[in-house]
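Asks:
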Amino acid sequence: MATDKTPLCPFCQAPLTRADARFCSSCGRALSPSPTHNPTTILAAGGAFLQISESGNERHVLLGSRPLTIGRAADNDIVLQSRFVSGRHARIEPSGQGHRIVDVGSRNGLLFAGQRVSERELADGDILRIGDPATGNFVSLMYHNPMLTTTAAEQAVPQQFPLDPNDPEITIGRVGCDIILNNPQVSRFHAQIDRTPGGVVLRDMGSTNGTFVNGQRVTAPVMLKPGDVIQIGAFKLVYNVTRLDRYDQQGALRIDARNLSRVVMRNGVRRIILNDVSLSIAPREFVAIVGGSGTGKSTLMKALCGYAPADQGHVLVNGDDFYRNFAAYRTVLGYVPQDDILHRQLPVQRALEYSARLRLPADTSDQEVATRIERVLDDVEMTPHRDKPIEALSGGQRKRVSIGAELLADPSLFFLDEPTSGLDPGLEKKMMYTLRRLADSGRTVVLVTHATANITQCDHVIFMAGNGRMVFFGPPAEALRFFQITSGDFADIYTKIEGIAAPDHPVVRRDLKAEYDMWCAAHPQADGPPTLAELWEMRYRQSSLYQRYVVERLASAPSGPQVQNPTVKQAPQRVSAWRQFGLLTRRYFDLMRQDRRNVLILLLQAPIIALLLVLVVRSDALTGTQAQDLIQRSEAKKVLFMLATVSVWFGIINAAREITKEQAIYRRERLVNLRIGPYLFSKVTILSGLIVVQTIVLLAIVLLKVGFPGDTGILLPPLIETFITLVLSSGAGMALGLAISAASATPDRAISLVPFALIPQILFAGLIFAIEGLATPLSWLTISRWAMDALGASLDINRLCNLPNTDDQGSIPPGCSPGFLEIEAAFSHDPAHLIGRWLALGTDAVVCLLIAAWILRRRDRMV
1 MATDKTPLCP
11 FCQAPLTRAD
21 ARFCSSCGRA
31 LSPSPTHNPT
41 TILAAGGAFL
51 QISESGNERH
61 VLLGSRPLTI
71 GRAADNDIVL
81 QSRFVSGRHA
91 RIEPSGQGHR
101 IVDVGSRNGL
111 LFAGQRVSER
121 ELADGDILRI
131 GDPATGNFVS
141 LMYHNPMLTT
151 TAAEQAVPQQ
161 FPLDPNDPEI
171 TIGRVGCDII
181 LNNPQVSRFH
191 AQIDRTPGGV
201 VLRDMGSTNG
211 TFVNGQRVTA
221 PVMLKPGDVI
231 QIGAFKLVYN
241 VTRLDRYDQQ
251 GALRIDARNL
261 SRVVMRNGVR
271 RIILNDVSLS
281 IAPREFVAIV
291 GGSGTGKSTL
301 MKALCGYAPA
311 DQGHVLVNGD
321 DFYRNFAAYR
331 TVLGYVPQDD
341 ILHRQLPVQR
351 ALEYSARLRL
361 PADTSDQEVA
371 TRIERVLDDV
381 EMTPHRDKPI
391 EALSGGQRKR
401 VSIGAELLAD
411 PSLFFLDEPT
421 SGLDPGLEKK
431 MMYTLRRLAD
441 SGRTVVLVTH
451 ATANITQCDH
461 VIFMAGNGRM
471 VFFGPPAEAL
481 RFFQITSGDF
491 ADIYTKIEGI
501 AAPDHPVVRR
511 DLKAEYDMWC
521 AAHPQADGPP
531 TLAELWEMRY
541 RQSSLYQRYV
551 VERLASAPSG
561 PQVQNPTVKQ
571 APQRVSAWRQ
581 FGLLTRRYFD
591 LMRQDRRNVL
601 ILLLQAPIIA
611 LLLVLVVRSD
621 ALTGTQAQDL
631 IQRSEAKKVL
641 FMLATVSVWF
651 GIINAAREIT
661 KEQAIYRRER
671 LVNLRIGPYL
681 FSKVTILSGL
691 IVVQTIVLLA
701 IVLLKVGFPG
711 DTGILLPPLI
721 ETFITLVLSS
731 GAGMALGLAI
741 SAASATPDRA
751 ISLVPFALIP
761 QILFAGLIFA
771 IEGLATPLSW
781 LTISRWAMDA
791 LGASLDINRL
801 CNLPNTDDQG
811 SIPPGCSPGF
821 LEIEAAFSHD
831 PAHLIGRWLA
841 LGTDAVVCLL
851 IAAWILRRRD
861 RMV
């Protein structure tokens, strides 16, 4: 516990002249009945005391046998200075061996576990806060009472469910079951234990988020053995033959990281971005990871949350190997990346509804979803903005909505990457206040931030420095003392931990001389001096702080059962593909409706291009009614070429941005339970509808001038066959666009790749240049080539005159002279030929979609 060297008056916070002073020289108040406010003396006395943190100052008040009043008024027994504290705020009074705290009608009340309480029987370690939502400030009151201290074993006492040997089955679920597990991630009827002649069998009853036995997902009935650990969401059930012991881990998850390291290769150079980091984070703690750019902050956080595991080392969650058991803990993990994880075009309420439907079990009722949304909106203080589009919100409000989306599943582990980035100081403080409340309400919260103005609201702070080194982990106040910062400004730490530790460096001379000498003795052949980060890391690891906050914490065993030696390979999430497809398709359609400007631009492409086309094309280009012109077929091929390439253009440009523009959302949902197949086919479904509209408009306008032959169809009327060919061409282009989008890091890069996809459609279509030699196999990969063939076959352009040809073949159409007819095999008026071209277009589409799916799956391993 952090202590002040100088004792303070509990009423006016002025320094006292000595630790055993009976009166304050500043305010004149008597300091009895508390004999002292020196923390060392209080701890030695062994009595109950209140640890008060206010405005960065900390003091300790011994609690005796009479009630004490708390408030801002000067005549209270414990005077608080903050303006948001009421004049008469609370009273703390004896209750048995402990104490009770009572709100006496204050304006801002008392917060316990993130919720307002009017009265509470205090337990050792309880933390209450008096907060001001308007400014994000608060006062913390921590109760200590050695008489009430419970051991870890006592805290981990499970709830026991006897197993009746005559009961053939025991149901487990969220509602209406024999064993109730009240958590949004648990299905109504989640699992069942059956007694069979061969023994006791556990079955998963088709739950959304799965049942795990000893870290392995249950995909078939599993025979239970004594000591087996059944894991469902945040709950563990230990099978002990005659009973099940239930351990509720909600709000009780600790993280132990041991020797985490990660190495990457950049431009052929091996670079360490995380360097042997060990730490331990207790349940309900709020921890900030701070440091300069490129120091490994996000790398450490992603390693801790399993988003990008470390190359070496282990992360344990309540003693379980987190990486090996990631599938079992996936549902209790909340992760908010730097980018927004909700679509900005949607209103807050609808965005959260879609997130809830994707993340919560399929049997969650509409009322339960509505209740969860109400709860999270209240938690992040966004209820008044529920009907606003997310894009109309401020940066801080958008981040709150993203946090709300993660809270829908009630995670016990919560990670945030730069949640305060870009916010003004006031919004940053309020965001930190919100996160402090979330931690108090039962979540282990870890965030990455550059800002240090409000990290005093955290329980612990991690300072990272060059090459992924952890140079400090502990309470914020201890950080100032460790780095010998007298200004009280945490930003001053940055200047002390970055740079090269030259022997004449001021920081080396003043703070790190002993460490520098030790480093030089250990590295006599070194090419250059160490970094300041190396020396601060050495100093921290040799300090008592490292022993207290890292070594001793890691040495203490977590409470509750642990999964021993789980298998590395985990079964995939069993989420209904059809249900996800339906949800994603509805959401994508909703997004298209909300983004009217973009849809209008896409829809206007067809009429504008069609109008330009009719300006230059002849009305008889496809019918050959004026056969005196000996280049009828050439004119027809130009029209077909334009129709084919424009259709491919529609498909590519419609889809090229659709995946890359929502990368952050996709990655987050993929980490939960998103399946690639439903995701891609939701895009295909809605974009196909757009393609059909574009094709109808294109053909309708072209038909206003250009006549179509009425009797040349092979399987269907020629106009219908032309429509099918153009839709298939656009569909193949759309699939190619989705592959481009999946491969692109940004929407701008995707658009810059579009010309590389369109130019081959022009070169290898067979109109401008003859396709021969090496160009022939390349043309087989070109969508426009197959589209041209199919269109020419349907309209039978072989019947039209062509340029002179000495080899006369077939009959001569009316109006054509002998020697001017050439039958081109590419346009054979034959059913097999047409169907083959349609199949080729469909194959192109399927191949491109498979490539897009492969790229997306590959990205799962490249986070």
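Quick note: the sequence shown uses the UniProt record's numbering, first residue 1, plus one each step. Built from N, CA and C at the ideal position, the CB exists for glycine as well. In this text, all values refer to a predicted model and were calculated from it rather than measured experimentally.
(1) Under 7 angstroms between the Cβ atoms of L834 and A790?
(2) Tell me where the alpha helix (DSSP H) around P607 begins and ends.
(3) Based on DSSP bridge pairs, tell me the residues matched to L274.
(4) Pairs of beta-carbons, one from the region 358-372 and one from the region 187-194, closer than 8 angstroms: are there three or more?
(5) In its own chain, which residues sit with a C-beta less than 7 angstroms from the C-beta of L423, not counting the 5 before and 5 after it?
(6) Do the region 596-612 and the region 694-701 meet, that is, are 3 or more Cβ pairs less than 8 angstroms apart?
(7) Which of helix, strand or coil does DSSP assign to P162?
(8) What does a CB cutoff of less than 6 angstroms around V218 pick up in its chain, not counting 5 residues either side in sequence?
(9) Just the C-alpha distance for G474 and L602, rounded to the nearest angstrom, thanks.
(10) By alpha-carbon positions, which one of V684, R539 and R670 ends up nearest to N654?
(11) What is the DSSP secondary structure of V846, reduced to helix, strand or coil?
(12) Use the C-beta contact count for A852: other C-beta atoms within 10 angstroms, 16 or more gives buried, fewer gives exposed.
(13) May I ask you to report which of helix, strand or coil DSSP gives D440?
(14) For the alpha helix (DSSP H) containing D492, name the first residue and the last one.
(15) May I ask you to list the residues that DSSP assigns as paired with P389?
(16) At a cut of 8 angstroms, does the region 307-318 reach the region 243-259 through at least three beta carbon pairs?
(17) Report the three-state DSSP secondary structure of E285 (helix, strand or coil).
(18) For L111, I'd like the list of residues in its chain whose CB is within less than 6 angstroms of its CB, leaving aside the five on either flank, ordered along the chain.
(19) Where does E54 sit, in a helix, a strand or coil, going by DSSP?
(20) Touching or not, the region 328-347 and the region 370-377, by the rule of three or more beta carbon pairs under 8 angstroms?
(21) Would you mind sorting K225 into buried or exposed? The rule is 16 or more other CB atoms within 10 Å of its CB.
(22) DSSP state of F138, grouped into three classes?
(23) Output the boundary residues of the beta strand (DSSP E) element that contains V508.
(24) What's the gap between the Cα of L703 and the Cα of S729?
(25) Out of curiosity, what's the CA-to-CA distance linking K302 and G294?
(26) Sorted by chain position, which residues of the same chain lie with C-beta nearer than 6 angstroms to S784's C-beta, five sequence neighbours on each side aside?
(27) Taking buried to mean at least 16 other C-beta atoms within 10 Å of its own C-beta, is Q525 buried or exposed?
(28) For E169, does the three-state DSSP call read helix, strand or coil?
(29) Do you know offhand how far N214's Cα is from Y329's?
(30) Only counting the same chain, and skipping five residues up and downstream in sequence, which positions put a Cβ closer than 8 angstroms to that of L535?
(31) Counting Cβ pairs closer than 8 angstroms, one from the region 398-415 and one from the region 438-445, do we hit at least three?
(32) Can you tell me where the alpha helix (DSSP H) with D789 in it begins and where it stops?
(33) Can you grab the Cα-Cα spacing for the pair M642 / E824, in whole Å?
(34) Measure the CB-CB distance between I101 and A90 and report whether it falls below 7 angstroms.
(35) Three-state secondary structure (DSSP) at G733?
(36) Suppose the cutoff is 6 angstroms on Cβ atoms and the five residues either side in sequence are ignored; what does the same chain contact list for P529 look like?
Replies: Reading off the structure:
(1) Taking 7 angstroms as the Cβ cut-off, L834 and A790 qualify as a contacting pair.
(2) Counting along the chain, the alpha helix (DSSP H) containing P607 begins and ends at R596 to V616.
(3) In the DSSP output, where bridge partners are listed per residue, L274 has R262.
(4) Cβ pair count under 8 angstroms is three or more, so yes.
(5) G395, G396 and M431.
(6) Verdict: yes, contact present.
(7) Assigned with DSSP and collapsed to three states, P162 falls in strand.
(8) Cβ contact annotation for V218 (same chain, cutoff 6 angstroms, sequence separation greater than five): D204 and T211, in chain order.
(9) Near 55 angstroms, if we compare the C-alpha coordinates of L602 and G474.
(10) Nearest C-alpha to N654: V684.
(11) Of the three classes helix, strand and coil, the one that applies to V846 here is helix, per DSSP.
(12) Per the 10 Å Cβ criterion, buried.
(13) It is helical.
(14) Its alpha helix (DSSP H) spans residues A491 to I497.
(15) Residue pairing for P389: DSSP places it in a beta bridge opposite P347.
(16) The region 307-318 is in contact with the region 243-259.
(17) Assignment of E285 by DSSP, reduced to helix, strand and coil, places it in the coil class.
(18) For L111, where only same-chain residues beyond five positions count, the Cβ hits under 6 angstroms are R129 and G131.
(19) DSSP, read as helix, strand or coil, puts E54 in strand.
(20) Segment contact: the region 328-347 against the region 370-377, fewer than three CB-CB distances shorter than 8 angstroms; contact not assigned.
(21) Exposed is the call here.
(22) In the structure shown, F138 falls within a strand segment according to DSSP collapsed to helix, strand and coil.
(23) Element bounds for V508: not the beta strand (DSSP E) but the alpha helix (DSSP H), P506 to R510.
(24) About 19 angstroms.
(25) Rounded to whole angstroms, K302 to G294 spans 14 angstroms at the Cα level.
(26) Taking C-beta separations shorter than 6 angstroms and ignoring five residues to either side along the sequence, the partners of S784 in its chain run A644, T645, V648, Q761 and A765, following chain order.
(27) Exposed: under 16 other Cβ atoms inside 10 Å.
(28) It is a strand residue.
(29) Rounded to whole angstroms, N214 to Y329 spans 13 angstroms at the Cα level.
(30) Cβ neighbours of L535 beyond the five flanking positions: A501, V508, L512, E515, Y516 and W519.
(31) Enough Cβ pairs lie closer than 8 angstroms, so yes.
(32) For D789, the enclosing alpha helix (DSSP H) covers residues I783 to L795.
(33) Between M642 and E824, the alpha-carbon positions lie close to 19 angstroms from each other.
(34) Yes, the pair counts as a contact, with Cβ atoms nearer than the cut-off.
(35) Here G733 sits in helix by DSSP.
(36) Once the five neighbours on either side are set aside, the close Cβ partners of P529 are I500, A501 and A502.
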